[in-house]
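Residue numbers (my numbering), protein chains in the order written: chain A, 149 to 1151; chain B, 841 to 1022.
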Amino acid sequence: MSARLQRGGRLINRSAQIEFTFNGKTMKGLKGDTLASGLLANDQLLVGRSFKYHRPRGIVASGPEEPNALVGLGEGARFEPNQRVTTTELFDGLTSASQNHWPSLEFDIGALNNRLSRFLPAGFYYKTFIHPRSAWKHLFEPIIRRSAGLGKSPEQADADRYEYTYGHCQILIAGGGIAGLQAALVAGAAGANVLLLEQTAHWGGRAPVDGDIIDGKPAEDWISATLQTLAGMENVTLRNRMMVSGVYDHGYVLAEERIADHTPGDGRPRKRLWRIRAEKIIAATGALERPLSFAGNDIPGVMLASATRDYAVNFAVSPGDHTVVVTNNDDAYRTAITLKDYGLEVTVVDVRQAPTGELPSRARAMGIRIETGRGIVKVKGCKRVTGVTIGLQAGEGGAVEEIACDAVAMSGGWSPVVHLWSHCGGKLIWDETRALFRPDADRPPLTHDGSAMVYPAGAANGALSAAAGLADAAAQAVLTLQSLGKEAGLTQAAQADAVEEEAMLPVWIMPASAGPELKSKMWLDFQNDVKVSDVQLAAREGYVSVEHTKRYTTLGMATDQGKLSNINGLAVLADALGEEIPRVGTTTFRPPYTPVTLGALAGEARGDIFQPLRKTPMHDWHLAQGAYMEPVGLWQRPYTYPRHGETHEQAVNREVINTRERLGLLDASTLGKIIVKGPDAGKFLDMLYTNMMSNLGIGKCRYGLMCNEQGFLSDDGVVIRIDEDTWLCHTTSGGADRIHGWMEDWLQCEWWDWQVFTANVTEQYGQIAVVGPNGRKLLEKLGGMDVSKEALPFMTFKDGELGGFPVRVHRISFSGELSYEIAVPASHALAFWERLYEAGQEFGLQPYGTEGLHVLRAEKGFIMIGDETDGTVIPQDLNLDWAISKKKEDFLGKRGQQRTYLAAKDRWKLVGFESIDGTVIPDGAYVIAPGTNEYGFRNAQGRITSTYYSPTLKKGIAMGLLKNGPARMGEVVEFTSMTGGVSVSAKVVDPVFYDKDGEKQNV
Amino acid sequence: MSEPVSALNGAVSEGFARVAEIGPLGMITLRAKPGTARLAEAIKAANGCALPDARRITHAGDNSCGWMSPDEYLLVLPYGDVAKALAAIAAALSGQHHLAVDVSDARAVFRVTGPNADQVLRKLSPADPGALAADEIRRSRFAQVAAAFWPVDGGYTLVCFRSVAGYVMGLLTHSAQPGSEI
């Protein structure tokens, strides 16, 4: 059984006991434990069920590569699925639960899949798609959905907060092991601005566990001395609990900082996502140990040899009383020696014939039994290891002996963590003698100036021993400094005692000639349940590319992204294909290195600050009046102001009638306002608008249309001329920024020699429309400037004062009524609005919203950008030929409109529609035409663009586009709704439904 | 006439740094090509500041003039002085192609102060406050909106558009919460 040892444990504090729960069971751990070591100390070997076959699974690793031990952490609003127990720091009160089990971890019905595994081969999903067709939907999908999958989604809103931070440095060092620390010493001493990041809470990596001696002292001493030195350097920043997630172009690096994972609810943000700009990156990310592929290698109690050692040395946890160490290399002997030192029983099974290196010799001298030339044939046990049978590695699986044991420590060699090197295109080479892929220094990922962006250091560069790793880290740091034009002062690496290690013997299948029965129990990808037999089947079925095999078998596609399985899987594939490993190659390494919490990616963008909401100066007033707001771009605008008991529809109808009969007040502040000034401003506006603007009189207003180069209508609005060389262009509410950018684009890129300046002053003014027959009476009551018809005729404006406020009053109308649009500085806008509201009561003033605005304009047949236009409509389609200058030599869109299709006589054109029965025609309804098109859809000859109930006319009115529309007045056409519902008959009519001669607005 | 009211009416939030909306503050956007005759005199006459170099901001008392782009400057001055300053610019640059316009009400201005004020900015803007010279102004973004900032005594002044003042106040408040010091 696994248990806490009586002595040791460099990271735990034996005097600080804490309690936690797993599947409701209370357990005891120590401060400094990970959840993994806590579980093991409580002999909780079984921690989850596998993805597909629901096989019992235990902890395999001690770090971020863990594939099996994923749990749901926390509860309620702090629940998070798929958390690796190996990277979860234990804290008092931690709650955890295993995943993918039903009804319980101990007894799981899904394990039936295990018995049926021959029916769930590689490519099972794809095969179920194909044959028989109906089986997928009715049989396979429901079953797979129930039985597959890991964690559940949280059901409550996250109680924690998150944030971003931007970081800047010259050299970012990923990994705080001895290589990262050594690189930081060199880079820091040279004065570079260094950011050193370590994903765990501890510095120094594996060196203390491996018993390395550095500069004649235990690694731990060197690490603390180095940390002290680095802390004294102002140009070096050290941050732990920070995982470098990805490396992107031009030295852009994402990193996730775990701030309060281990102190939930302490008021700090839980995580912080760092977006870092680094000039150069040193990847000192270490190496991961590879499992070996033998039958039953997934049974709880089978662990990586390095993990076994970690648990013993770091946490004083023994995985078992008798451990069989199975290896193809010398390094695993460190585990055997460590366990023996703790007084535990160990047997080593080494595939090599005669290991005589320093470590095997030391193990032998300690009296550890070593079986050479042998491998594990099969692991015995179900929910925990009870023993192994061993046999000749070269054989087919004939058992030589059965050894009773309760733990297996396996080592198939080491793979450098090349992820950060590879994210941006760094290439790898296959190191034949050590059977590993390592960075190819000649083909690094490049940065903006074509120089190398990432420098691999230490084990990540294939320098696996402490001595080689330190030397390599110093050398790489010197290279990095040189690439930045910096001279390294310190170039001498710390000296680690060299331990002579013999060559490893690559072993991909154990035993080498195992038959199908054994191979179907050799797990490659523990999390996704992919076995040696699955990869071999894929090869037999014709999968040659490792990328295709990955997707077909799902090898390496789980949340661990194949950290343990990739190399073993591709070696098995290469073997099955009769190819060399480097010819098969690796799959692509993509960020994130380990999963990043979605909350961290969202950062601060949540709740009130999810998105910028643009507010007018009257925003709070609208809310206080109970307005129902709608988004217009990022603006919030009142849609209508419902009174007590009113529906929105009733409120809109009331607002429309009141505006037509008495007085309405509209917040039009969102309207875009762009000043265009200069000797060439008139010429510029003539190019921008389809009609003439250069000849607009000072003090006059003119409605104008803007098209894009293709000739399609893009924006509209009223232009006013302020003085000889100054105009102000009103744009649509959503169009202000876009049109301002459009203007600057033409001025900066095409007509850079024209003397024109623009300024977007949209938010400088509150714009308030006083609309309705009583409008003039209200303004006269306020007092100030003359607003009579004579002094201020229709389509003119004047600057002046009203009620003591500085205003610009425009006589323009989007409703067909007597209308004043009044611009007032935004910091006075609310006060002015309130003055109008108060003073207007005796004239029946009511505010109206955007829907009322739409109804009023539709009754008048005024078009709306975005309703009547959709990017395929030209002004001529909307009968706006009057606003297209015939005199001008050129304007944006002129050439486009001359193209045959746009100049055709039979285009869909704007008309009005009145339903025969008076109802409102559904929005988006089409007028159908006989026959079908090439795709088999019904032909159409027109469609609705705006449709409303008109409270003024007491019937449904609509505008739309109809083929040859204006020539078809009086004709009755049939509409079908988009959903294919009932058809509506409607008469084609003039789109101006109300006051066609415009007498009401011109008073 | 009413008193001018800034976007958030002087809202303040106290975290590990102090965030205060200040204003109303006078602001003028001045656009003129470099080399425009009497440009420096125009700025001097408007608010007493010197013509800033690229990415710099000059000060004269509480007044400032920031370089916003190769042909745009931002003049900061008391709210009530804008009309006079515009007249001074018009007089100095008369006959020269330029555009000077009052944008006092189009903006919201914040002051972030405290020993760790820079950390509030670091969480929101990709521009590095640590790389900012004492007389430098940066146009950048804060989370999802455009903003400019420059160092002042004990912190930073930050300018954004008026309509998103509430959003920016929310961002700054969130980022300055105690316990979230970097």
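In this text, a Cβ means the ideal position worked out from N, Cα and C, and glycines have one as well.
- Annotation: the continuous beta strand (DSSP E) that includes residue 1063 of chain A extends over 1056 to 1063.
- For residue 924 of chain B, no Cβ of chain A is located within less than 7 Å of the residue's own Cβ.
- Boundaries around residue 671 of chain A are those of the beta strand (DSSP E), 671 to 673, since no alpha helix (DSSP H) includes it.
- Between residue 335 of chain A and residue 629 of chain A, the beta carbon gap of about 6 Å places them in contact (Cβ cut-off 8 Å).
- Of all residues in the segment 843 to 867 of chain B, the ones placed with a Cβ closer than 7 Å to any Cβ belonging to chain A are 844, 845, 846 and 864, in chain order.
- Contact between residue 212 of chain A and residue 707 of chain A does not hold, since the beta-carbon distance rounds to 11 Å and is not under 8 Å.
- If you keep only unbroken beta strand (DSSP E) runs of at least 3 residues inside the segment 522 to 609 of chain A, you get 522 to 529, 533 to 540, 549 to 552, 555 to 559, 562 to 564, 576 to 579, 584 to 587 and 602 to 604.
- Scanning the segment 962 to 1018 of chain B from its first residue to its last, the whole alpha helix (DSSP H) runs of 4-plus residues come out as 1005 to 1015.
- Rounded to the nearest angstrom, the gap between the Cα atoms of residue 787 of chain A and residue 906 of chain B is 40 Å.
- Per the coordinates, the alpha-carbon of residue 546 of chain A lies some 24 Å from the alpha-carbon of residue 652 of chain A.
- When the Cα atoms are used, residue 713 of chain A and residue 577 of chain A turn out to be separated by approximately 18 Å.
- Here the C-alpha atom of residue 987 of chain A lies approximately 40 Å from the C-alpha atom of residue 891 of chain A.
- Classified as buried, residue 760 of chain A has 16 or more neighbouring CB atoms from the shown chains inside 10 Å of its CB.
- One finds 941, 943 and 946 in chain B with Cβ atoms closer than 7 Å to the Cβ of residue 909 of chain A, taken in chain order.
- For residue 874 of chain B, there are no neighbours in chain A by C-beta distance under 7 Å, as the nearest C-beta there is about 13 Å away.
- The C-alpha of residue 914 of chain B is placed about 30 Å away from the C-alpha of residue 849 of chain A.
- If you draw a straight line from the Cα of residue 1056 of chain A to the Cα of residue 781 of chain A, it is about 28 Å long.
- Here residue 462 of chain A carries a helix assignment [DSSP, helix/strand/coil].
- Cα atoms of residue 331 of chain A and residue 615 of chain A: separation of roughly 14 Å, rounded to the nearest angstrom.
- Taking the beta carbon of residue 1001 of chain B as reference, the chain A residues within 7 Å of it are 911, listed in sequence order.
- For residue 430 of chain A, the enclosing beta strand (DSSP E) stretches over residues 419 to 431.
- Judged by their CB atoms, residue 204 of chain A and residue 448 of chain A are nearer to each other than the 7 Å cut-off.
- Counting only runs of 4 or more residues that sit fully inside the segment 870 to 940 of chain B, the alpha helix (DSSP H) segments are 879 to 887 and 922 to 932, in chain order.
- Residue 441 of chain A and residue 501 of chain A have their C-alpha atoms roughly 19 Å apart.
- Proximity of residue 909 of chain B to chain A, defined by a Cβ-Cβ separation below 7 Å, is not satisfied.
- Taking 9 Å as the upper bound on Cβ-Cβ separation, chain A lies near residues 963, 964, 965, 966, 967, 968, 970 and 971 of the segment 963 to 975 of chain B.
- Within chain A, the C-beta atoms nearer than 8 Å to that of residue 985 of chain B come from 760, in chain order.
- In chain order, 983 and 984 make up the part of chain B whose C-beta sits under 8 Å from the C-beta of residue 753 of chain A.
- From the beta-carbon of residue 311 of chain A, the residues of chain B found nearer than 8 Å are 963, 1014, 1015 and 1020.
- Below 8 Å, too few C-beta pairs join the segment 526 to 539 of chain A and the segment 501 to 517 of chain A to call them touching: fewer than three.
- When only Cα atoms are considered, residue 588 of chain A and residue 573 of chain A end up about 11 Å apart.
- A straight line joining the alpha-carbon of residue 1109 of chain A with that of residue 1135 of chain A spans about 13 Å.
- Interface with chain B (7 Å Cβ-Cβ cutoff): residue 220 of chain A is excluded.
- Put simply, the segment 352 to 370 of chain A does not touch the segment 1004 to 1015 of chain B. Fewer than three CB pairs are less than 8 Å apart.
- Within the DSSP secondary-structure output, residue 877 of chain A pairs in a beta bridge with A:822 and A:867.
- In terms of CA proximity to residue 363 of chain A, A:641 leads the group A:641, A:425, A:867 and A:301.
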